[in-house]
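Numbering (this note's numbering), first residue to last: 2 to 323. From the three backbone atoms N, C-alpha and C, an ideal C-beta is built for every residue, glycine too. Fair warning: this is a prediction, and the values are worked out from it, not measured in the lab. Below is one structure, written out as structure tokens; comments come after it.
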Amino acid sequence: MTPLYYVISVVMVGFHKAFEAVGLDPAGGASWVLSIVGLTLVIRAALIPLFVKQIKSSRNMQLIQPKVKELQKKYGHDRERLAQETMKLYKDAGTNPFASCLPILLQMPIFFALFRLIDQASHGNPRGVLTEEQAEQFGGAELFGQIPIANTFLNADGHVGVMLLAAVLVVAMTATTFLTQRQLMSKNMPADALSGPYAQQQKMLLYVLPVVFAVGGIAFPIGVLFYWTTSNLWTMGQQFYVIRNNPAPGTPAFAAKQDRDRAKAARKGEPIEATAVETAPETPAERRPTQRQQPRKQTRQQRKSGGGQRPSGGRTEGGKQK
Numbered sequence: 002m003t004p005l006y007y008v009i010s011v012v013m014v015g016f017h018k019a020f021e022a023v024g025l026d027p028a029g030g031a032s033w034v035l036s037i038v039g040l041t042l043v044i045r046a047a048l049i050p051l052f053v054k055q056i057k058s059s060r061n062m063q064l065i066q067p068k069v070k071e072l073q074k075k076y077g078h079d080r081e082r083l084a085q086e087t088m089k090l091y092k093d094a095g096t097n098p099f100a101s102c103l104p105i106l107l108q109m110p111i112f113f114a115l116f117r118l119i120d121q122a123s124h125g126n127p128r129g130v131l132t133e134e135q136a137e138q139f140g141g142a143e144l145f146g147q148i149p150i151a152n153t154f155l156n157a158d159g160h161v162g163v164m165l166l167a168a169v170l171v172v173a174m175t176a177t178t179f180l181t182q183r184q185l186m187s188k189n190m191p192a193d194a195l196s197g198p199y200a201q202q203q204k205m206l207l208y209v210l211p212v213v214f215a216v217g218g219i220a221f222p223i224g225v226l227f228y229w230t231t232s233n234l235w236t237m238g239q240q241f242y243v244i245r246n247n248p249a250p251g252t253p254a255f256a257a258k259q260d261r262d263r264a265k266a267a268r269k270g271e272p273i274e275a276t277a278v279e280t281a282p283e284t285p286a287e288r289r290p291t292q293r294q295q296p297r298k299q300t301r302q303q304r305k306s307g308g309g310q311r312p313s314g315g316r317t318e319g320g321k322q323k
């Protein structure tokens, strides 16, 4: 975790000094919470390329669902063969059924590093580039002058303010996790993708992740809860933008975008063009070029007569066929 301590602390200290320069109390909770929010924005901005890759993979997963269903009908009696053929289809389509989990998995080490950074700072133990003075300020920072950001719901010791703020952040973190996944399933998944293994994975994430965060959230410091809630809000906004402007074909979001485009074109008096429908990615077997048919070779007599075909069934005066 040491490299992560340095990365996280460098970003946080940079934001903290910036907020101190504009007049915020360096020992106050507001400057440190805003530094955590700044850290979150930097991390999520760095993960944008991965998010784009996740969106493309998720779209391919949706588009190949008809082919997945065909495999299920064909190899439903042989689970091992079905698994092999399904993974082969994923590979040929250039997609990964677990790509939707990558942003969460990559954030987890950062999440736990921040957890340990706050916990150690609350005991006066600096990590990364934090000095002893900064560690003491960070560990003892209080919001509204009475809510330590290093405290959790479980160790609030009857502090009503800590318990109330922690509960609000846990609910916000859980609700944003649920709404983000729900937004994806209700607006940007075609009807064919709402059944099968991919749909089961999405439904599992829809209900399991909020429960995990709700149960674990009561043990997270308030500073960590601010990190995860801010990250979820970023995800909701980012996903809303992508679904609205680049929805998957055959989804409610795609139909809504077509309606908006037609209405916009009508207002401007422009001709309404038909929207191209995206199809499933072709596998290598489907990309084979068609063979060119070679022309038939003419006989010597056909070349002399200008390339015309000899009439079939013609007869001479003697009744013999030519």
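Linking Asp93 to Asn61 through their CA atoms gives a straight-line distance of about 11 angstroms. Following the DSSP letters along the chain, one finds Ile56 inside the alpha helix (DSSP H) bounded by residues Ile49 to Leu64. Met174: member of the alpha helix (DSSP H) spanning Val161 to Lys188, first to last residue.
Annotation for Arg183: Leu207 place their beta carbon closer than 7 angstroms to its own, counting only its chain and skipping 5 residues before and after. Taking C-beta atoms under 8 angstroms as the contact rule, Gly162 and Ile148 qualify, at a distance of about 5 angstroms. For Ala46, the closest of Trp235, Arg128, Asn126 and Leu170 by C-alpha to C-alpha distance is Trp235. Bounds of the alpha helix (DSSP H) holding Thr87 are Arg80 to Ala94. Annotation: Ala28 to Leu42 spans about 22 angstroms, alpha carbon to alpha carbon. Between the region 125 to 141 and the region 73 to 88 there are fewer than three inter-stretch CB-CB distances shorter than 8 angstroms, so the stretches are not counted as touching.
Separation of the CB atoms of Leu40 and Phe16 is rounded to 7 angstroms, and the pair is thereby assigned contact status at 8 angstroms. Closest in alpha carbon position to Gln55, among Tyr76, Ala264 and Leu185, is Leu185. Fully enclosed alpha helix (DSSP H) runs of no fewer than 4 residues occupy 223 to 246 of the region 217 to 260, in order along the chain. Around the C-beta of Pro4, fewer than 16 other C-beta atoms lie within 10 Å, and the residue is accordingly described as exposed. Contact check between the region 209 to 217 and the region 239 to 250: fewer than three CB pairs, one atom from each, fall below 8 angstroms, which does not count as touching. Annotation: Ala114 to Met2 spans about 6 angstroms, alpha carbon to alpha carbon.
Here Thr230 is near Ala173, since their CB atoms are less than 8 angstroms apart. In this structure Phe154 does not touch Val225 by the C-beta definition: roughly 12 angstroms separates them, more than the 8 angstroms allowed. With a beta-carbon spacing of about 19 angstroms, Lys204 and Ala254 fall beyond the 8 angstroms limit used to define contacts.
Of the residues Ser10, Ser36 and Ala267, the one whose Cα lies closest to the Cα of Tyr228 is Ser36.
The DSSP-derived three-state label of Leu144 is strand. Within its own chain, the residues whose Cβ lies closer than 7 angstroms to the Cβ of Leu25, once the five positions on either side in sequence are excluded, are Ala31 and Ser32, listed in chain order. Linking Leu106 to Gln201 through their CA atoms gives a straight-line distance of about 19 angstroms.
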